[in-house]
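Quick notes on the structure that follows.
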């Protein structure tokens with residue numbers, strides 16, 4: 030028997046597990062245990078091995094994603110951290126970009142740095158923008174700093190010197206000196222965490238890495254030990270925010286790369302389905318208990334980025350968070366999940382999120398002490414969820430508590446009937462998600478109407494059809510295992526690692542040096558190979574290369590995909606054309622007569638994945654048999670209507686279900702409105718297609 034593969038995704042509300050072995054798949058959801066996240070993982074592990082009839086020793090690999098690093102930053106529950114910088118620059122991470130992200134708010138609140146001013150220290154040293162030492166490192170000043178750090182009970186240190194992305198020798202020497210006198214203190218170097226130009230983002234990333242490193246190191250150590258005690262002998266890999274797998278040692282050294290690990294799994298799943306089904310344009314929609322994630326996927330690949338913000342002060346307002354320069358799958362994430370709390374503001378408007386009831390106390394309908402109405406409570410009132418079959422029957426929902434919470438916070442405030450108040454909550458959360466998707470698409474010059482939506486996560490199939498209507502999308506796919514979609518995506522992720530270098534290169538005819546670029550990429554590949562081969566020693570490796578390019582004199586760059594192979598003198602014209610094509614696609618024009626320059630070079634190395642089998646053609650429609658009926662709110666008639674309830678396990682390929690209907694399964698529920706019809710596709714996905722106006 031082949032070894033089983035287990036994926037574990039810790040979300041804000043649920044911990045999802047998915048197990049694959051011998052071509053079979055088993056999945057389960059358990060409530061997250063925020064105080065000790067490993068407890069939820071172990072509870073789920075016990076449950077899933079029992080369901081599958083396996084033993085912990087039968088596992089061949091565990092792939093894990095977690096929101097722990099993100100939550101530590103958002104909740105400010107990381108380590109007591111110090112920052113050591115070039116003398117004269119200790120306020121750089123507080124000065125930030127020196128711009129107002131909320132132009133007209135005179136009480137604008139900027140995000141406070143993770144390191145307070147009294148724990149930021151300057152050391153005499155200086156390197157110029159070409160990597161030459163202008164002022165040697167003052168080692169005596171570093172040694173004199175050690176007692177101060179010890180007295181301040183520092184647990185983690187971030188070191189960031191000017192232009193260290195070109196040569197990190199001063200940072201490395203500082204680490205060596207402090208490591209001798211401060212054993213047990215974790216130290217992060219900006220030249221290793223984020224070796225890129227622009228000191229604020231580089232130092233912000235290094236500080237965030239140092240801030241979460243002790244928290245993540247302790248958690249991963251506890252989890253690894255607990256798994257071994259249960260008889261698990263296989264390696265534990267972590268999913269990164271860029272969609273690759275990293276070994277435990279890499280994750281412990283660079284935990285900041287795990288910040289968006291859960292959402293990345295969902296994008297991987299949607300991209301794999303897009304390739305399998307031959308879908309060129311896809312909108313990935315992942316809605317769990319705490320957040321909703323929306324990602325655009327073109328030609329079977331999600332868009333990647335190296336910029337990300339965490340812990341935004343203002344609701345989803347760009348610039349109001351702490352910037353990180355890490356490889357991420359580009360998506361928009363909003364506080365719109367099943368646990369998002371609804372309330373009425375001073376202008377008598379219903380607002381939903383970003384605050385979440387989480388797993389403790391959870392929505393009012395959970396009966397675990399929560400009293401505020403959530404999206405899940407609204408769905409219970411509207412009849413969309415079966416109170417006795419939520420999470421496969423493991424959580425019994427209380428319609429009375431859900432209704433009372435909706436009445437108290439929304440209905441009485443707006444003098445609305447219970448059904449109307451619950452429908453208002455549902456409409457607002459769907460409009461929030463639709464608006465986020467529209468803005469995300471416009472910012473990237475993309476259209477939404479001709480896309481197929483792939484919906485997964487515990488709450489997404491409930492709201493997918495209505496969201497699709499708002500966006501003008503006529504086709505929705507709900508994949509098999511949708512309720513644990515990110516965990517399923519983890520099982521499809523390759524072992525991968527991304528390396529970036531800031532090296533200034535001009536593309537003028539007399540200045541472009543192809544040999545320099547080839548040497549640079551050879552060094553980057555060697556670094557990436559050391560990480561990837563540790564996890565996939567025999568796999569064929571696939572390299573993807575990009576460059577951040579701009580017109581000379583501009584302040585920011587656009588990312589351009591680079592061709593394979595070595596660079597030659599003739600490559601200069603190719604690079605300029607690639608840049609101008611990308612610039613025109615983004616801004617609608619090019620600027621004649623300006624020289625082009627490159628600031629950053631990126632290489633992503635991944636183990637080659639086996640090709641996905643192509644989807645067979647859809648067979649003729651077959652009638653499906655309902656298990657019963659249930660009253661569900663009908664927006665058109667503003668009243669409850671009896672609709673047929675089907676169970677996904679009863680359906681066969683080709684089963685046809687006209688709306689309105691409900692398709693139930695253990696981890697989620699798919700709502701088929703009257704304007705859609707559902708079919709079961711040859712790959713086991715539910716296809717919802719628009720049938721009328």
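Residue numbers (our numbering): 30 to 722. Just so you know, even glycine gets a beta-carbon here, dropped at the ideal spot from N, CA and C. As the structure is a prediction and not an experimental result, all values here were calculated from the model.
Identify the continuous alpha helix (DSSP H) that holds residue 178 and give its terminal residues. That run of the alpha helix (DSSP H) goes 168 to 180.
For residue 89, the first and last residue of its enclosing beta strand (DSSP E): Annotation: the continuous beta strand (DSSP E) that includes residue 89 extends over 88 to 95.
Measure the C-alpha to C-alpha separation of residue 138 and residue 234 and round it to an integer number of angstroms. Using only the alpha carbons, I get a separation of about 21 Å.
From 152, 229, 244, pick the residue whose C-alpha is nearest to that of residue 185; which is it? The shortest Cα separation from residue 185 among 152, 229, 244 belongs to 244.
Reference residue 688, options 526, 61, 695, 717, closest by Cα: The residue with the shortest Cα to Cα distance from residue 688 is 717.
Please report the residue range of the alpha helix (DSSP H) in which residue 497 lies. Looking at the DSSP string, the run of the alpha helix (DSSP H) that includes residue 497 is 489 to 500.
Could you check whether residue 116 and residue 153 sit closer than 7 Å to each other, using their CB atoms as the reference points? Taking 7 Å as the Cβ cut-off, residue 153 and residue 116 qualify as a contacting pair.
If the criterion is Cβ atoms closer than 7 Å, does the pair residue 692 and residue 518 meet it? No, they are not a contact pair.
First and last residue of the beta strand (DSSP E) that includes residue 504? Its beta strand (DSSP E) spans residues 504 to 507.
Have a look at residue 456 and residue 464 and give me their C-alpha separation to the nearest angstrom. Answer to the nearest angstrom: the Cα atoms are 12 Å apart.
With a threshold of 8 Å, are at least 3 pairs of Cβ atoms found where one atom belongs to the segment 359 to 373 and the other to the segment 389 to 409? Taking 8 Å as the limit for Cβ pairs, the verdict is that the segment 389 to 409 does touch the segment 359 to 373.
List in chain order: all unbroken beta strand (DSSP E) runs of 3+ residues lying wholly within the segment 601 to 675. Fully enclosed beta strand (DSSP E) runs of 3 or longer: 625 to 636, 657 to 663.
Residue 148 bridges to which residues according to DSSP? Residue 148 pairs with nothing; no bridge assigned.
Could you compute how far the alpha carbon of residue 424 sits from the alpha carbon of residue 409? Taking the straight line joining both Cα atoms gives about 13 Å.
Can you say whether residue 590 is buried or exposed, counting buried as having 16 or more other CB atoms within 10 angstroms of its CB? In the assembly as shown, residue 590 is an exposed residue. Its beta-carbon has fewer than 16 other beta-carbons within 10 Å.
What first and last residue would you give for the alpha helix (DSSP H) that runs through residue 142? DSSP places residue 142 in no alpha helix (DSSP H); its state is neither H nor E.
Could you please give the first and the last residue of the uninterrupted beta strand (DSSP E) stretch that includes residue 535? Counting along the chain, the beta strand (DSSP E) containing residue 535 begins and ends at 525 to 535.
Span of the alpha helix (DSSP H), counted from its first residue to its last, around residue 452: Per DSSP, residue 452 is one residue of the alpha helix (DSSP H) stretching across 447 to 472.
On the DSSP letters alone, give me the boundaries of the beta strand (DSSP E) that residue 382 sits inside. Start and end: 379 to 385.
Extent of the continuous beta strand (DSSP E) run through residue 580: Segment 570 to 580, the beta strand (DSSP E) holding residue 580.
Thinking C-alpha only, which one of 380, 458, 617 is nearest residue 724? This structure leaves residue 724 out entirely; the chain is present only between 30 and 722.
Segment contact flag, the segment 213 to 230 with the segment 77 to 84, C-beta cutoff 8 Å, min 3 pairs: No, the segment 213 to 230 does not touch the segment 77 to 84.
How close, in whole Å, do the beta carbons of residue 67 and residue 248 come, if the pair is a contact with beta carbons under 8 Å? The pair is a contact, with the Cβ atoms about 7 Å apart (cut-off 8 Å).
Where do the ends of the alpha helix (DSSP H) carrying residue 77 lie? Per DSSP, residue 77 belongs to the alpha helix (DSSP H) from 66 to 81.
From the DSSP output, in three-state form, read off residue 244 for me. Taken through DSSP and simplified to helix, strand or coil, residue 244 comes out as helix.
Please report how far the alpha carbon of residue 30 lies from the alpha carbon of residue 146, in whole angstroms. Because residue 30 sits at a pLDDT of 49, beneath the cut-off of 50, its placement in the model cannot be relied upon, and the point is left open.
Using 7 Å as the threshold, is the C-beta distance between residue 290 and residue 268 below it? Yes, they are a contact pair.
Quick check: residue 445 and residue 477, are their CB atoms within less than 7 Å of each other? For the pair residue 445 and residue 477, the CB atoms are not nearer than the 7 Å cut-off.
Residue interval of the beta strand (DSSP E) (run including residue 687): Under the DSSP assignment, residue 687 falls in the beta strand (DSSP E) whose first and last residues are 684 to 687.
Applying the 10 Å Cβ sphere with the 16-neighbour rule, what's the burial state of residue 515? Under a 10 Å Cβ-count criterion, residue 515 is classified as buried, with 16 or more other Cβ atoms of the shown protein chains found around its own Cβ.
For residue 135, count the other beta carbons within 10 Å of its own beta carbon; 16 or more makes it buried, fewer makes it exposed. Which is it? With fewer than 16 Cβ atoms within 10 Å of its Cβ, residue 135 is classed as exposed.
To the nearest angstrom, how far is it from the Cα of residue 314 to the Cα of residue 323? Between the alpha carbons of residue 314 and residue 323 lies a distance of about 5 Å.
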